[in-house]
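S.K.: Quick note, the sequences are listed as chains P and U, same order. FYI, in my numbering the residues of the first sequence are 1 to 259. FYI, in my numbering the residues of the second sequence are 1001 to 1341. Idealized CB from N, CA, C, for every residue including glycine. Source: prediction; values computed, not measured. Attaching a single structure in structure tokens format; questions to follow.
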Amino acid sequence: MTDQEAGRADRVVMRDIRKRYGMVDALRGVTLRVGPGEVVGLVGDNAAGKSTLMKVLAGAVVPDSGEIVFDGRPVAFASPKDARELGIEMVYQDLALCDDIDVAGNLFLGREPRRAGGMMLDVRRMHADARRHLDALNIRIPLTDIPVGGLSGGQRQAVAIARAVTFGPKLLILDEPTAALAVAEVETVLELIKTVSAQDVSVILITHRLQDLFRVCDRLCVMYEGTLRADLDARSTSLERLVSEIVAHDEEDKEGRRR
Amino acid sequence: MTPTKTATGAGTSRRVVTTRSARASAHIGRHAQTIAIAAVLVVLLIFFAFSADRFATTGNIFNLLRQIAPTLVVATAMTFVISTSGIDLSVGSTVALSGSLLAIVLQHGWNPTLALVAILALGALIGFVNGWFSSYQNIPPFIVTLAMLSIMRGTALRATEGYSTPIDGDLWIVQIGQGRIAGVPVPAILAVIIALVGWLVLTRTPFGRYVIGLGSNGESLRRAGVNTRKVGLTVYVLTGLAAAVAGVLIATRLSSGSSNAGSGFELEVITAVVLGGTSLFGGRASMLGTILGALTLGVIANGLVLLHVSPFYVQIVQGGILLLAIFANSKVWAKFGAIRK
């Protein structure tokens, strides 16, 4: 398959993405492709560059070089708004919520329902829609008019997830979406991933809960020090293999240094 | 997380109850300072009504409203700036510059309407410069507006050579400061309208929502796809514009443009905003509180003068009340468990 053919078949292709922060080479030429409806698990040790790579894809970080092809068209994101308009939604590790704004306000942040010709917020519709969206996702937050700063960690995470999945994304990026969730809530998120991917939504999942990856992912991509070092089929890969790819994939190298 | 449906239902309703009470206490906590300043204002009003003969007369109340009109106008805009966790120290100098230039261009025979528009545009431009440096260049607004404070005051002094410039009392523009509609002073009407519009914008528009979001967590707001720099710039344009309005109000009230007008004005405005419960760290704002704060400062100044207390005490009392209000906010009201910053 040539590059062009691949570009047409894939939801998104990131090619040779590089990003440097001063002395730190966060991304050293990463290439990643995700097909429509595919669930890709992105794993790697801390500081492997997973979050930075995903922020590039969500438009929150502008890369130094490299290209992104989305639905066959080359794109360049100057801000998260550009990515959002194409249907790329991300749940950030730090959730990216405004603590002083209420649940409904955070859910609709940046795309509030408006009235009076776009001049005014349609607050009533915001709360009604927020209620509907939260109920549809089985998220139990009884009141939509309390500031999210007053919610529990799990509830905050649920708000962040609801915000990303509610507006019909084509590509959903989840950066540690289950870290603060209770067991049953984790199940809900995993079910959610299966549901949206069945609807042809592509999902990229970053998580440290490796057992979750095997339940929902089609492919597993392992990052190491700013590079993509392994692209594995989730169905034929064992947990041991994955762990060894994450921590000790250059065993010989280390052995060599040790001696 | 309960397995059966009935238990789930019970759990949810129990949670609703606890969350309702949490919401109520959060609500009180968030508005504690607005409630406190309202109480202080009521106490002051009662005290002065009984101790100063002419305090509770219509004439004096109108006079008081006219006096605080410039403060209220700029405090309305300053509430937006402080909500983004910014600050604008240059408003007092902008008051002086806009008042002085208004008087000067009128003396040169400019059409008053044209002069008014030009002065307001100048105020907006000063705000634009403040906003560009602080929002687009990420220079701390304290430094940017401190520099502008100095530059604008200097420009006003240079333009007037330190003298006051009289404004011809026959021009219609003088009515902005001195006129009355149905007995109510025009500055008071203008200030109330501007404060109401400010309240509407802050609480009911996407822009107001983004202002709060910018002060609460700017990076989150940016990742939500909002052009945070534009929001951050716009609030300074608002204070610049408001300061020009205040400059026009003061100059036309006194029929004279002075380069010494508005010294210490920025601190009075910031005091009014902070008294009202708007957090200097951003994210929490109360336009009603700002109005009450400005009224409180005005009532203290007006009442003490009527009591024939030395005017030097006015600042002492205003400062004392500010310190008490902030102390109460951080210590006494903290037990309501609202988000503290």
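#1: Output yes if chain U places a C-beta closer than 8 Å to the C-beta of P/Cys98; else output no.
#2: Please confirm whether U/Pro1187 has its beta-carbon closer than 8 Å to some beta-carbon of chain P.
#3: If I follow the unbroken beta strand (DSSP E) through P/Ala230, where does it start and stop?
#4: Checking 8 Å against the spacing of the C-beta atoms, do P/Phe70 and P/Val12 come in under that value?
#5: Give the single residue among U/Ile1194, U/Ser1220, U/Tyr1210 whose Cα lies nearest to the Cα of U/Lys1230.
#6: My output table needs one value for P/Asp267: the three-state DSSP class, helix, strand or coil.
#7: So what does DSSP say about U/Thr1004, is it helix, strand or coil?
#8: Quick check on the DSSP output: the beta strand (DSSP E) that includes P/Thr31 runs from which residue to which?
#9: Does the Cβ of P/His127 have 16 or more other Cβ atoms within 10 Å, making it buried, or fewer, making it exposed?
#10: Consult DSSP for P/Met90 and reduce its assignment to one of helix, strand or coil.
#11: Check the C-beta distance from U/Pro1187 over to U/Ala1103 and give it rounded, since I have them as a contact under 8 Å.
#12: With contact counted as at least three CB pairs below 8 Å, one residue from each stretch, are the region 1114-1134 of chain U and the region 1182-1201 of chain U in contact?
#13: Are the region 1061-1072 of chain U and the region 1310-1320 of chain U touching by the rule of at least three beta carbon pairs closer than 8 Å?
#14: Output the distance between the C-alpha atoms of P/Val186 and P/Ser197, rounded to the nearest integer angstrom.
#15: For the pair the region 80-95 of chain P and the region 153-162 of chain P, tell me if three or more CB-CB distances fall below 8 Å.
#16: Please state whether DSSP places P/Ile17 in a helix, a strand or coil.
#17: What's the call for U/Leu1322, buried or exposed, on a 16-neighbour Cβ count within 10 Å?
#18: Using a Cβ-Cβ distance cut-off of 8 Å, determine whether U/Ile1212 contacts chain P.
#19: Can you list, in chain order, the residues of the region 1079-1110 of chain U whose Cβ is nearer than 7 Å to any Cβ on chain P?
#20: Which of the three DSSP states, helix, strand or coil, is assigned to P/Glu67?
#21: Looking at the structure shown, is U/Ser1256 part of a helix, part of a strand, or coil, going by DSSP?
#22: Should P/Leu220 and P/Thr237 be called a contact, given that it needs their Cβ atoms to be closer than 8 Å?
#23: Within this structure, are the beta carbons of U/Leu1292 and U/Leu1041 separated by less than 8 Å?
#24: Going along chain U, which residues have a C-beta under 7 Å from P/Ser202?
#25: Quick one, which of P/Asn46, P/Val24, P/Glu38, P/Lys19 has its alpha-carbon nearest P/Tyr224's?
#26: Should P/Glu225 be flagged as near chain U, meaning a C-beta pair shorter than 8 Å?
#27: Tell me which residues share the same chain as P/Leu83 and place their Cβ nearer than 6 Å to its Cβ, disregarding the 5 neighbours each side in the sequence.
#28: Residues of chain P with CB under 8 Å from U/Thr1205, in chain order?
#29: Between P/Asp231, P/Leu239, P/Ser244, P/Ile246, which lies nearest to P/Val34 when the distance is taken from Cα to Cα?
#30: Between P/Ser79 and chain U, is there a C-beta pair that is closer than 8 Å?
#31: If you measure beta-carbon to beta-carbon, which residues of the region 1215-1242 of chain U are closer than 8 Å to chain P?
#32: Would you kindly check if the distance between the Cβ of P/Leu121 and the Cβ of U/Arg1204 is under 8 Å?
#33: Provide the residue span of the beta strand (DSSP E) that contains P/Arg140, from first to last.
#34: List, in order along the chain, the chain P residues whose C-beta lies closer than 9 Å to that of U/Arg1284?
#35: With DSSP collapsed to three states, give me the class of U/Gly1240.
#36: Report yes if the C-beta distance between P/Val40 and P/Ile204 is below 8 Å; otherwise report no.
M.R.: Once the coordinates are examined:
#1: Looking up residue 98 of chain P in the first sequence gives position 98. At a cut-off of 8 Å between beta carbons, P/Cys98 contacts chain U.
#2: The residue you call residue 1187 of chain U lines up with position 187 of the second sequence. Between U/Pro1187 and chain P, the shortest Cβ-Cβ separation is not below 8 Å.
#3: Residue mapping note: residue 230 of chain P aligns to position 230 of the first sequence, counting from 1. Per DSSP, P/Ala230 belongs to the beta strand (DSSP E) from 227-233.
#4: One-based indexing of the first sequence puts residue 70 of chain P at position 70. One-based indexing of the first sequence puts residue 12 of chain P at position 12. Contact: yes.
#5: One-based indexing of the second sequence puts residue 1230 of chain U at position 230. When U/Ile1194, U/Ser1220, U/Tyr1210 are compared, the shortest CA-CA separation from U/Lys1230 is found for U/Tyr1210.
#6: In this structure chain P extends from 1 to 259, so residue 267 of chain P is not present and cannot be described.
#7: Taking the first residue of the second sequence as position 1, residue 1004 of chain U is located at position 4. Because U/Thr1004 carries a pLDDT of 35, less than 50, the predicted location of this residue cannot be relied on, and the following value inherits that uncertainty. In this structure, U/Thr1004 counts as coil in the three-state DSSP scheme.
#8: In the first sequence, residue 31 of chain P corresponds to position 31, counting from 1. In this chain, the beta strand (DSSP E) harbouring P/Thr31 covers 24-34.
#9: The count along the first sequence starts at 1 and reaches residue 127 of chain P at position 127. It counts as buried.
#10: Counting from one through the first sequence, the residue named residue 90 of chain P turns up at place 90. Strand, per DSSP.
#11: Working through the second sequence from its first residue, we reach residue 1187 of chain U at position 187. Working through the second sequence from its first residue, we reach residue 1103 of chain U at position 103. Rounded, the Cβ-Cβ distance is 17 Å, inconsistent with contact.
#12: In short, these stretches do not touch, since the Cβ pair count stays below three.
#13: Contact fails: fewer than three Cβ-Cβ distances are below 8 Å.
#14: Mapped onto the first sequence, residue 186 of chain P falls at position 186. Mapped onto the first sequence, residue 197 of chain P falls at position 197. Spanning the two alpha carbons is a distance of roughly 17 Å.
#15: Contact between the region 80-95 of chain P and the region 153-162 of chain P is present: three or more C-beta pairs spanning the two stretches fall below 8 Å.
#16: If you number the first sequence from 1, residue 17 of chain P lands on position 17. It is a strand residue.
#17: Taking the second sequence and counting its residues from 1, one reaches residue 1322 of chain U at position 322. With a threshold of 16 other beta carbon atoms within 10 Å, U/Leu1322 meets it and is buried.
#18: Within the second sequence, numbered from 1, the residue matching residue 1212 of chain U stands at position 212. By this cut-off, U/Ile1212 is an interface position.
#19: Legend: CB atoms of the region 1079-1110 of chain U lying less than 7 Å from CB atoms of chain P are not found in any residue.
#20: The count along the first sequence starts at 1 and reaches residue 67 of chain P at position 67. Residue state, collapsed to three classes: strand.
#21: For this step, residue 1256 of chain U is matched to residue 256 along the second sequence. DSSP places U/Ser1256 within a strand segment (E or B) once states are collapsed to three.
#22: What you label residue 220 of chain P is simply residue 220 of the first sequence in a count that begins at 1. What you label residue 237 of chain P is simply residue 237 of the first sequence in a count that begins at 1. P/Leu220 is a Cβ neighbour of P/Thr237, given a cutoff of 8 Å.
#23: Here the question's residue 1292 of chain U lines up with position 292 in the second sequence. Here the question's residue 1041 of chain U lines up with position 41 in the second sequence. The answer is yes: Cβ separation under 8 Å.
#24: Against the first sequence, residue 202 of chain P aligns to sequence position 202. The contacting residues do not exist; P/Ser202 stays about 20 Å from chain U at best.
#25: Here residue 224 of chain P refers to the residue found at position 224 when the first sequence is read from its first residue. That would be P/Asn46, whose Cα lies nearest to the Cα of P/Tyr224.
#26: The sequence position of residue 225 of chain P within the first sequence is 225, counting from 1. Interface criterion not met: the Cβ of P/Glu225 is under 8 Å from no Cβ in chain U.
#27: Working through the first sequence from its first residue, we reach residue 83 of chain P at position 83. Rather than Leu, the amino acid found at residue 83 of chain P in this sequence is Ala. If we look at P/Ala83 and ignore the five residues flanking it on each side, its Cβ neighbours are Ala58, Gly59, Phe77.
#28: Numbered from its first residue, the second sequence carries residue 1205 of chain U at position 205. Neighbours of U/Thr1205 on chain P, chain order: Met119, Met120, Leu121.
#29: As a working note, residue 34 of chain P is residue 34 in the first sequence. Here the closest residue by C-alpha is P/Asp231.
#30: The residue you call residue 79 of chain P lines up with position 79 of the first sequence. Yes - at least one Cβ of chain U is within 8 Å of the one on P/Ser79.
#31: Legend: CB atoms of the region 1215-1242 of chain U lying less than 8 Å from CB atoms of chain P belong to residues Gly1215, Ser1216, Asn1217, Glu1219, Ser1220, Leu1221, Arg1222, Arg1223, Ala1224, Gly1225, Val1226, Asn1227.
#32: Looking up residue 1204 of chain U in the second sequence gives position 204. Looking up residue 121 of chain P in the first sequence gives position 121. A contact, by the Cβ cut-off of 8 Å.
#33: In the first sequence, counting from the first residue as 1, residue 140 of chain P sits at position 140. Run containing P/Arg140: none; DSSP gives neither H nor E here.
#34: On the second sequence, position 284 is the one that residue 1284 of chain U refers to. Here the neighbours are Asp100.
#35: One-based indexing of the second sequence puts residue 1240 of chain U at position 240. In the structure shown, U/Gly1240 falls within a helical segment according to DSSP collapsed to helix, strand and coil.
#36: Within the first sequence, numbered from 1, the residue matching residue 40 of chain P stands at position 40. Within the first sequence, numbered from 1, the residue matching residue 204 of chain P stands at position 204. Inclusion of P/Val40 and P/Ile204 in the CB contact set at 8 Å is warranted, their separation being smaller than that value.
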